[in-house]
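**Q** Pasting a structure below so you can have a look.
In the numbering used here, the protein residues as written are -18 to 395.
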């Protein structure tokens, strides 16, 4: 068992680099958003060295051919191997460790259990503003994840690690595109996180057994990658779910009539919550948890009117797909009851909040189920009031509201 890590990760020599990284990533998101307001013919093909892909047909090919459009993710590799940054057979090996559990946890029979988790997490919260809501949502999402994998993790320890994981993710992304700096500190911080992960895993017999089963018959060198994969699944899954629910709360604060309509639907069977589903899908369309992905060419490519050379990088703008004028009516407007999401309609090829193809998010179905259960539970308890029309964002692990302090929650009679 590793020695207990220090309470804080090794600091950067220049603390301002963290601010620069956050500003750089937020600027990239803003640039992608600004592009969709321009006519397609006026948009440059690149942002810096990155070829921009906003065509849903080409994006679909990127997602479906991961051997050609590979994850380079030296940015995430510094955190260790996982299904998020591997390719080929090695990726499939990691996927199979958690995918069966995700599939089982997303079955309809699990709905009452997920509902009970969110009911319990929110019952002890009496917030005056939305900022107090986010920690409760994080605890609930963590409990759903742990129940799916039959593991136990200390929620306080996970909550303490979250800001450090976000910082590490944004630093790695920023350095991968703007030039590596302080790589020694990045490695030290990765080692510090590995120690924290090990302590979390070893503290619970069920969680330790989960990892041991994943590496049975393999070299002891597989222990660390198995832990890293589990923890990256954990943080990515929680962050994307909480980010979307936070955007939903932010948006509902500006529309009391929509709140009332969703509240009337809150006690309907899940399959009949069509407005709730449409609203959440529209929230993910306008504010996708994964606003873009970067891929590296393993060979030359020519198709869909574009060509890329081996070794070049492309950025698939999920924001661009979700606002493509050829696939959406009034793509830059928010419509809670959008016709493209009407019940029974096929999911548009231009809607990819969880990506698609072989590398689709493994927890996609569980996340969708979880959000359809969680949002009605929030609306049963509180009326949401926005105190400011401003919508600011941050991007690291996911695109999320900068905070929910501009939202006030008013308790409803139960």
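Backbone N, C-alpha and C define an ideal beta-carbon position, used for all residues, glycine too.
Buried or exposed for residue 343, going by 16 or more other Cβ atoms inside 10 Å?
**A** Along the chain shown, one-based indexing puts residue 343 at 362. Residue 343 comes out buried.
**Q** Does the separation of the CB atoms of residue 146 and residue 182 fall below 8 Å?
**A** By 1-based counting over the chain shown, the position of residue 146 is 165. By 1-based counting over the chain shown, the position of residue 182 is 201. Cβ distance not < 8 Å, so residue 146 and residue 182 don't count as in contact.
**Q** Could you pull out every residue in the same chain whose Cβ sits closer than 7 Å to the Cβ of residue 127, ignoring the five residues on either side in sequence?
**A** Translated into the one-based positions of the chain shown, residue 127 becomes position 146. Same-chain partners within the cutoff: 133, 134.
**Q** From residue 242 to residue 385, what does the alpha carbon distance come to, in whole angstroms?
**A** Walking along the chain shown from the start, residue 242 turns up at place 261. Walking along the chain shown from the start, residue 385 turns up at place 404. Taking the straight line joining both Cα atoms gives about 22 Å.
**Q** Which same chain residues end up closer than 7 Å to residue 319 when comparing Cβ atoms and leaving out the 5 residues on each side of it in sequence?
**A** Here residue 319 refers to the residue found at position 338 when the chain shown is read from its first residue. The residues are 259, 263.
**Q** Please go through the same chain and pick out, in chain order, the residues whose beta-carbon is closer than 6 Å to the beta-carbon of residue 185, but skip the five residues on each side of it.
**A** Reading the chain shown from its first residue, position 204 is the one you call residue 185. Excluding sequence neighbours, residue 185 sits near 133.
**Q** Would you identify the three-state DSSP class for residue 397, choosing helix, strand or coil?
**A** Since the first residue shown for the chain is -18 and the last is 395, residue 397 is missing from the structure and cannot be characterised.
**Q** Less than 8 Å between the beta carbons of residue 298 and residue 91, yes or no?
**A** Translated into the one-based positions of the chain shown, residue 298 becomes position 317. Translated into the one-based positions of the chain shown, residue 91 becomes position 110. No, Cβ-Cβ distance for residue 298 and residue 91 is not below 8 Å.
**Q** Can you tell me whether DSSP reads residue 35 as helix, strand or coil?
**A** Along the chain shown, read from residue 1 onward, the residue named residue 35 stands at position 54. Coil at residue 35, not helix or strand.
**Q** Short of 7 Å in beta carbon distance, which residues of its chain neighbour residue 380, apart from the five on each side in sequence? Order them along the chain.
**A** Here residue 380 is taken as the residue at index 399 of the chain shown, counted from 1. Correct list, in chain order: 10, 224, 268, 269, 270, 272, 374.
**Q** What number of angstroms, rounded off, separates the C-alpha of residue -5 from the C-alpha of residue 152?
**A** Locating residue -5 in the chain shown gives position 14, where the first residue counts as 1. Locating residue 152 in the chain shown gives position 171, where the first residue counts as 1. Their backbone Cα atoms lie some 13 Å apart in a straight line.
**Q** Considering only DSSP beta bridges, list what residue 278 is partnered with.
**A** Position 297 of the chain shown holds residue 278. DSSP lists 50 as partners of residue 278.
**Q** Residue range of the alpha helix (DSSP H) that residue 361 falls in?
**A** The residue labelled residue 361 in the question sits at position 380 within the chain shown. 345 to 362 is the extent of the alpha helix (DSSP H) around residue 361.
**Q** Assuming residue 261 contacts residue 356 (C-beta within less than 8 Å), just tell me the rounded distance between them.
**A** Within the chain shown, numbered from 1, the residue matching residue 261 stands at position 280. Within the chain shown, numbered from 1, the residue matching residue 356 stands at position 375. Between residue 356 and residue 261 the Cβ distance is about 7 Å, and since that is below 8 Å, they are a contact.
**Q** Within the continuous alpha helix (DSSP H) that includes residue 216, where are the two ends?
**A** The residue labelled residue 216 in the question sits at position 235 within the chain shown. Start and end: 204 to 233.
**Q** My guess is that residue 136 and residue 123 are in contact by the Cβ rule of under 8 Å, so how many angstroms apart are they, rounded?
**A** Position 155 of the chain shown, counted from the start, is the residue given in the question as residue 136. Position 142 of the chain shown, counted from the start, is the residue given in the question as residue 123. The pair is a contact, with the Cβ atoms about 6 Å apart (cut-off 8 Å).
**Q** Start and end of the alpha helix (DSSP H) containing residue 116?
**A** Walking along the chain shown from the start, residue 116 turns up at place 135. Here the alpha helix (DSSP H) through residue 116 covers 114 to 130.
**Q** Please report the residue range of the alpha helix (DSSP H) in which residue 93 lies.
**A** Along the chain shown, one-based indexing puts residue 93 at 112. From DSSP, the alpha helix (DSSP H) with residue 93 extends over 92 to 104.
**Q** Residue 210: buried (16+ other C-beta within 10 angstroms of its C-beta) or exposed?
**A** Working through the chain shown from its first residue, we reach residue 210 at position 229. Counting Cβ neighbours within 10 Å, residue 210 comes out buried, since at least 16 surround it.
**Q** By Cβ distance below 8 Å, which residues in the same chain neighbour residue 354 in space, the five residues on each side in sequence not counted?
**A** Position 373 of the chain shown, counted from the start, is the residue given in the question as residue 354. Cβ within range, chain order: 92, 95, 96, 99, 251.
**Q** If you drop the 5 nearest sequence neighbours on each side, which residues of the same chain put their C-beta closer than 6 Å to that of residue 60?
**A** Taking the first residue of the chain shown as 1, we reach residue 60 at position 79. With a pLDDT of 49 at residue 60, under the threshold of 50, the modelled position of that residue is not reliable, and the figure given next carries that caveat. These residues qualify, in order along the chain: 171.
**Q** Which class does residue 391 belong to by DSSP, given the choice of helix, strand or coil?
**A** Within the chain shown, numbered from 1, the residue matching residue 391 stands at position 410. Strand.
**Q** Quick one: grab the DSSP three-state call for residue 258.
**A** Within the chain shown, the letter at position 277 stands for residue 258. Residue 258 falls in the helix class under three-state DSSP.
**Q** One question on the structure: do residue 37 and residue 331 come within less than 8 Å of each other, judged by their Cβ atoms?
**A** Within the chain shown, the letter at position 56 stands for residue 37. Within the chain shown, the letter at position 350 stands for residue 331. Their beta carbons are under 8 Å apart, which means residue 37 touches residue 331 by this criterion.
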